[in-house]
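Student: Quick one: this structure, given as structure tokens, is what I'll be asking you about.
Protein chains: 2
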Amino acid sequence: MLSEAHLTEGMRSVFVELLVHGPLSRAEAARRLDLSPSAVTKLTKPLLQDGYLLQQPVGDRNAMGRPSQPLAVDPARAALIGVKLTEDELFAVRTDLRAEIQRELRRPLISHDVDDVVACVGEAVRDLTGSGKPPAAVGISLAGTASGGDPVVPTSPFLGWRNVPLGGLVAAATGIPAVVVENDVRALTAAQQWFGAGVGHSSFALVTVGAGLGCGLVIGDRLVRGAGRGTGLVGHMSIHDSGPLCEMGHRGCARAYVSSAAIRRAVATTLDRPDLTFEACLALAAEGQPAARRILEEAGEALGQVVATVANITGVQLVILSGEAVAMYDVCAGAFDAALAAHTHWTSTPIDVVVKPFTFSEWARGAAVIALQHRILGR
Amino acid sequence: MLSEAHLTEGMRSVFVELLVHGPLSRAEAARRLDLSPSAVTKLTKPLLQDGYLLQQPVGDRNAMGRPSQPLAVDPARAALIGVKLTEDELFAVRTDLRAEIQRELRRPLISHDVDDVVACVGEAVRDLTGSGKPPAAVGISLAGTASGGDPVVPTSPFLGWRNVPLGGLVAAATGIPAVVVENDVRALTAAQQWFGAGVGHSSFALVTVGAGLGCGLVIGDRLVRGAGRGTGLVGHMSIHDSGPLCEMGHRGCARAYVSSAAIRRAVATTLDRPDLTFEACLALAAEGQPAARRILEEAGEALGQVVATVANITGVQLVILSGEAVAMYDVCAGAFDAALAAHTHWTSTPIDVVVKPFTFSEWARGAAVIALQHRILGR
DNA sequence: CCGGGTTTGTTGATGATGTCAAGGAATGAA
DNA sequence: TTCATTCCTTGACATCATCAACAAACCCGG
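If you read the sequences in order, they're chains R and B. The first sequence maps to residues 1 to 379 in my numbering. The second sequence maps to residues 380 to 758 in my numbering.
Here is the structure:
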């Protein structure tokens with residue numbers, strides 16, 4: 001699917017524009033892409049014939065002239081599968097071309113043995129495919145130094161892998177040739193870029209709060225992948241030099257304040273209630289329990305400082321907050337905003353912060369978007 | 380000059396490739412640009428006729444086959460003028476197309492009045508032009524939120540300007556239509572991108588040490604300009620929360636440790652020798668004076684942490700150090716390297732740090748390169 | 001010294017891709 | 001009904017890069 005029709009460069013750009021920016025008339029697409037209307041007519045013709053695009057019913061008419069005929073990508077024309085690997089579980093989703101989730105599943109990882117993981121991923125792909133048509137591409141995301149295009153995972157700390165050709169192995173196990181592997185935060189960033197709060201912004205950052213801290217960047221409409229080095233390593237950013245030590249020997253890393261584990265541990269030990277869950281800690285702080293409240297304020301300050309630093313260096317105007325533990329923001333928005341303002345340069349316009357409610361399948365959805373982008377853009 | 384000949388997109392890319400990567404044979408240029416050899420022949424023909432390119436004498440022959448005929452940009456085909464504005468002085472250079480400085484001058488700024496500054500810039504441009512041909516473009520760089528393409532300076536704290544249409548005023552005063560205004564650190568970054576240590580790297584960062592700290596970014600072969608907000612605001616990055624206050628109310632900002640003024644002040648007050656210059660402080664530290672040595676070690680640590688943070692967020696592999704006070708690096712390389720290593724993630728490859736000896740005219744040279752890039756690339 | 005091998009550079013035919021000019025289509029407004 | 005407006009389509013045309021073929025200039029081995 002999706003590339004057997006020999007997509008040319010112009011067709012790709014029109015297709016992406018329609019995919020990302022919803023139904024558009026040919027004239028509107030021409031304006032956006034800086035093309036002539038006739039070019040759009042010619043470029044969309046084969047895409048319509050092949051069923052990638054659909055004529056939309058004409059919408060509201062309050063303008064002059066001939067009504068526009070909106071075009072839209074047929075989201076059901078192809079399917080994607082995205083898989084997120086964690087230390088002990090696998091999440092997988094099947095989505096349509098607009099990355100809307102159709103089915104999802106989660107499954108425990110029995111071991112970190114490469115063959116076991118590949119078998120588990122293959123089984124998930126089979127189950128999600130069912131009797132339907134096979135997906136156009138499979139994306140796999142995981143923490144570590146994986147980087148799009150390269151099907152080899154250079155290092156995965158939590159799985160203990162080095163130079164594992166994961167993409168090729170899954171392709172062989174499933175018979176689906178297009179398997180792409182990518183860092184999990186970058187995958188989430190890609191999903192926001194095309195189908196989330198990043199739409200319409202040529203540059204933005206995504207900061208994730210969860211087991212750790214992460215940061216993805218889009219600059220000039222391109223996902224920043226880094227050259228050899230990973231990107232978005234904000235977890236060890238220094239916040240207070242009087243804080244606790246982290247495993248790298250720093251004092252007061254951001255992750256010592258703002259990860260879900262750090263918040264839970266701090267509240268649980270301070271209140272001597274080792275059974276407290278992370279959510280319970282947030283609830284305590286929301287109710288006004290002083291220690292919990294203070295710990296979350298400190299977390300909010302740390303997160304605000306991280307976001308400000310990212311924005312100060314890269315110049316992004318929009319920062320999206322996401323991740324499993326992003327609910328912490330609601331409890332400490334005041335402290336966060338104050339820290340963000342304090343660390344933001346006064347000559348700059350304020351930063352737009354968008355908080356994205358998070359479900360765990362978002363990780364897998366991000367992997368599906370990476371697969372989609374790779375399939376369409378070839379990178 | 381330089382664009383009257385109606386440069387097409389293909390010609391531009393060949394021209395830039397030859398300008399930046401020195402003399403290249405047609406075949407080599409074709410390989411680098413992913414073009415066919417015949418395309419390069421056709422694209423270079425009009426450039427050769429118009430004198431923008433020169434046939435180089437054939438070099439060493441140790442390969443098989445027909446000897447290649449290197450092509451190079453004629454650096455004398457056009458001239459650029461770059462101007463750097465500071466609070467009380469103006470530096471200006473006239474360069475050739477490869478940004479080699481031909482003449483330079485410095486001049487005091489009598490006032491911060493816009494007309495006075497424009498007159499002073501105009502006079503400098505006239506003096507540097509002399510009886511020669513007028514420059515193809517003029518670039519002006521200054522600290523603040525100026526951003527390429529836009530000839531208006533939104534804010535300049537040290538000049539007290541807001542929304543000054545500097546580019547247009549200088550264009551009117553000099554009769555040279557192409558006047559480009561840009562942030563000074565970005566201009567320096569552009570110079571490194573095309574004619575410095577950044578050549579051959581698609582992504583790198585430049586960190587400047589001087590009156591303050593600055594940071595410029597090139598990601599994916601493009602100079603990062605930021606969207607509305609400035610980039611590279613690393614001066615207020617938090618290093619120690621027990622340090623001195625800065626004017627924004629932070630404790631232990633990077634600029635409190637690593638700017639030339641901060642280092643000088645720290646050494647001078649500690650040793651109770653208010654007359655000490657910055658250079659003298661470096662000399663004392665190099666000789667082993669304990670207090671000066673310690674102060675410079677702390678500066679090196681802070682700078683190392685700044686560089687590590689920039690690289691961790693953006694994923695650049697190369698960081699160039701520059702600026703008026705970059706000589707401090709030689710005195711504290713050990714502390715810098717240790718801090719850099721400590722704050723760099725272990726899963727990443729080490730960062731290449733290149734120290735660029737700095738003269739003040741480099742600022743103005745950067746402005747010339749901005750003018751050149753704008754003239755050629757149209758951005 | 002002379003012909004294969006090799007790489008470079010040039011030329012003309014070809015094809016892909018976009019613009020332009022012209023005009024038809026579908027609406028609101030007068 | 002007629003006009004203005006906007007959208008969409010079509011065919012002529014221009015641009016630009018590739019391809020195939022070939023000429024040029026060198027090495028090398030006999």
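Even for Gly, the Cβ is constructed at its ideal location relative to N, Cα and C.
(1) Looking at residue 526/B: is its Cβ nearer than 8 Å to the Cβ of residue 562/B?
(2) I think residue 312/R touches residue 612/B, with their Cβ atoms under 8 Å apart; what is that distance to the nearest whole Å?
(3) Locate the beta strand (DSSP E) running through residue 120/R, then write down its first and last residues.
(4) Just to confirm the assignment, what range does the beta strand (DSSP E) spanning residue 154/R have?
(5) Tell me the start and end of each unbroken beta strand (DSSP E) in the segment 690-757 of chain B that is at least 3 residues and wholly inside, in chain order.
(6) Which first and last residues belong to the beta strand (DSSP E) in which residue 518/B is found?
(7) Can you confirm whether residue 608/B, when its beta carbon is compared against all beta carbons of chain R, has any partner nearer than 8 Å?
(8) Counting pairs of beta carbons, one from the segment 593-606 of chain B and one from the segment 558-577 of chain B, are three or more of them closer than 8 Å?
(9) Please list, in chain order, the chain R residues whose beta carbon lies closer than 9 Å to that of residue 722/B.
(10) Starting from residue 452/B, trace the beta strand (DSSP E) both ways and give me its first and last residue.
(11) Please tell me whether residue 578/B and residue 549/B are closer than 8 Å, where the distance is taken between their beta carbons.
(12) What does the alpha-carbon distance come out to for the pair residue 615/B and residue 640/B?
(13) So, with DSSP's three-state summary, where would you put residue 65/R?
(14) Since residue 242/R meets chain B, which of its residues come closer than 8 Å, beta carbon to beta carbon?
(15) I want to verify the contact list: residues of chain R whose CB lies under 8 Å from the CB of residue 684/B, in sequence order.
(16) Just the chain R side, please: which residues come within less than 8 Å of residue 690/B by C-beta, in chain order?
(17) Report the residue from 712/B, 732/B, 668/B and 713/B whose alpha carbon sits nearest the alpha carbon of residue 697/B.
(18) Between which two residues does the beta strand (DSSP E) carrying residue 107/R extend?
(19) Do residue 166/R and residue 153/R count as a contact pair if the criterion is CB distance below 8 Å?
(20) How about residue 638/B and residue 591/B: are their beta carbons less than 8 Å apart?
(21) For residue 585/B versus residue 701/B, is the C-beta spacing smaller than 8 Å?
(22) Only counting the same chain, and skipping five residues up and downstream in sequence, which positions put a Cβ closer than 6 Å to that of residue 316/R?
(23) So if DSSP puts residue 84/R in a beta bridge, which residue, or which two residues, is it bridged to?
(24) Pick out whichever of 448/B, 408/B, 652/B and 429/B has its Cα sitting closest to the Cα of residue 455/B.
(25) Please list, in chain order, the chain B residues whose beta carbon lies closer than 9 Å to that of residue 320/R.
(26) Check whether the segment 709-720 of chain B and the segment 671-687 of chain B touch, using three or more Cβ-Cβ pairs below 8 Å as the test.
(27) Are residue 371/R and residue 82/R close, meaning C-beta to C-beta below 8 Å?
(28) How many Å lie between residue 409/B and residue 600/B at the Cα?
(29) DSSP beta-bridge partners for residue 540/B?
(30) Buried or exposed: where does residue 64/R fall if 16 or more other Cβ atoms within 10 Å of its Cβ makes it buried?
(31) Looking only at its chain, what residues have a beta carbon closer than 8 Å to the beta carbon of residue 55/R, apart from the 5 residues adjacent to it on each side?
(32) Just by C-beta distance, which residues in the segment 424-435 of chain B are closer than 7 Å to chain R?
(33) Which of the residues in the segment 195-208 of chain R, read from start to end, lie with their CB under 9 Å from any CB of chain B?
(34) Give me the Cα-Cα distance between residue 87/R and residue 16/R, rounded to the nearest whole angstrom.
(35) Could you name each continuous beta strand (DSSP E) segment of 3 residues or more that falls completely within the segment 164-220 of chain R, going from the start of the chain to the end?
(36) Taking only beta-carbon atoms, is residue 102/R less than 8 Å away from chain B?
Tutor: Let me lay it out:
(1) Looking up residue 526/B in the second sequence gives position 147. Looking up residue 562/B in the second sequence gives position 183. It is a contact, given that the beta carbons lie within the stated cut-off.
(2) Walking along the first sequence from the start, residue 312/R turns up at place 312. Walking along the second sequence from the start, residue 612/B turns up at place 233. Between residue 612/B and residue 312/R the Cβ distance is about 4 Å, and since that is below 8 Å, they are a contact.
(3) Within the first sequence, numbered from 1, the residue matching residue 120/R stands at position 120. That residue, residue 120/R, is in no beta strand (DSSP E); its alpha helix (DSSP H) goes 114-129.
(4) Translated into the one-based positions of the first sequence, residue 154/R becomes position 154. That run of the beta strand (DSSP E) goes 153-156.
(5) 697-701 and 731-734
(6) One-based indexing of the second sequence puts residue 518/B at position 139. 516-521 is the span of the beta strand (DSSP E), which, as asked, contains residue 518/B.
(7) Taking the second sequence and counting its residues from 1, the one referred to as residue 608/B is at position 229. For residue 608/B, the answer is yes, since a Cβ of chain R falls inside 8 Å of its Cβ.
(8) yes
(9) To locate residue 722/B, count along the second sequence from 1; it is residue 343. Residues of chain R passing the Cβ test: 236, 237, 238, 248 and 250.
(10) The residue given as residue 452/B occupies position 73 in the second sequence. Its beta strand (DSSP E) spans residues 450-452.
(11) Here residue 578/B refers to the residue found at position 199 of the second sequence. Here residue 549/B refers to the residue found at position 170 of the second sequence. No. Outside cutoff.
(12) Within the second sequence, residue 615/B is the residue found at index 236, counting from 1. Within the second sequence, residue 640/B is the residue found at index 261, counting from 1. C-alpha separation (whole angstroms): 15 Å.
(13) Locating residue 65/R in the first sequence gives position 65, where the first residue counts as 1. Residue 65/R: coil per DSSP, three-state reduction.
(14) Residue numbering aside, residue 242/R sits at position 242 when the first sequence is read from its first letter. Here the neighbours are 620 and 621.
(15) Looking up residue 684/B in the second sequence gives position 305. By Cβ distance, chain R contributes 238.
(16) As a working mapping, residue 690/B is identified with position 311 in the second sequence. Chain R residues near residue 690/B: 229.
(17) As a first step, residue 697/B is located in the second sequence; it is residue number 318 there, counting from the start. Ranking 712/B, 732/B, 668/B and 713/B by Cα distance to residue 697/B puts 732/B first.
(18) Here residue 107/R is taken as the residue at index 107 of the first sequence, counted from 1. Its beta strand (DSSP E) spans residues 101-108.
(19) Start at 1 with the first residue of the first sequence, and residue 153/R comes out as number 153. Start at 1 with the first residue of the first sequence, and residue 166/R comes out as number 166. Contact flag set, yes.
(20) Residue numbering aside, residue 638/B sits at position 259 when the second sequence is read from its first letter. Residue numbering aside, residue 591/B sits at position 212 when the second sequence is read from its first letter. Contact flag set, yes.
(21) Here residue 585/B is taken as the residue at index 206 of the second sequence, counted from 1. Here residue 701/B is taken as the residue at index 322 of the second sequence, counted from 1. Yes. Within cutoff.
(22) The count along the first sequence starts at 1 and reaches residue 316/R at position 316. Excluding residues within five positions, the ones whose Cβ falls inside 6 Å are 203, 204 and 205.
(23) Here residue 84/R is taken as the residue at index 84 of the first sequence, counted from 1. Answer is 91/R and 141/R, bridged to residue 84/R.
(24) Along the second sequence, one-based indexing puts residue 455/B at 76. Checking every option, the nearest Cα to that of residue 455/B belongs to 429/B.
(25) In the first sequence, counting from the first residue as 1, residue 320/R sits at position 320. Neighbours of residue 320/R on chain B: none; closest Cβ ~14 Å, over 9 Å.
(26) yes
(27) Reading the first sequence from its first residue, position 371 is the one you call residue 371/R. Reading the first sequence from its first residue, position 82 is the one you call residue 82/R. For residue 371/R and residue 82/R, yes; Cβs fall inside 8 Å.
(28) Here residue 409/B refers to the residue found at position 30 when the second sequence is read from its first residue. Here residue 600/B refers to the residue found at position 221 when the second sequence is read from its first residue. So the two alpha carbons sit approximately 19 Å from each other.
(29) Sequence index remark: in the second sequence, residue 540/B carries index 161 (1-based). For residue 540/B, which the question treats as bridged, DSSP gives the partners 535/B.
(30) As a position in the first sequence, residue 64/R is number 64, starting the count at 1. Classification of residue 64/R: exposed, given that the 10 Å Cβ count is below 16.
(31) Locating residue 55/R in the first sequence gives position 55, where the first residue counts as 1. Counting only Cβ-Cβ distances below 8 Å, and skipping sequence neighbours, we find 48, 69, 70 and 71.
(32) none
(33) 201, 202, 203, 204 and 205
(34) Here residue 87/R refers to the residue found at position 87 of the first sequence. Here residue 16/R refers to the residue found at position 16 of the first sequence. Going by the C-alpha atoms only, they are around 34 Å apart.
(35) 179-183, 204-209 and 213-219
(36) Position 102 of the first sequence, counted from the start, is the residue given in the question as residue 102/R. It does not: the Cβ of residue 102/R has no partner Cβ on chain B nearer than 8 Å.
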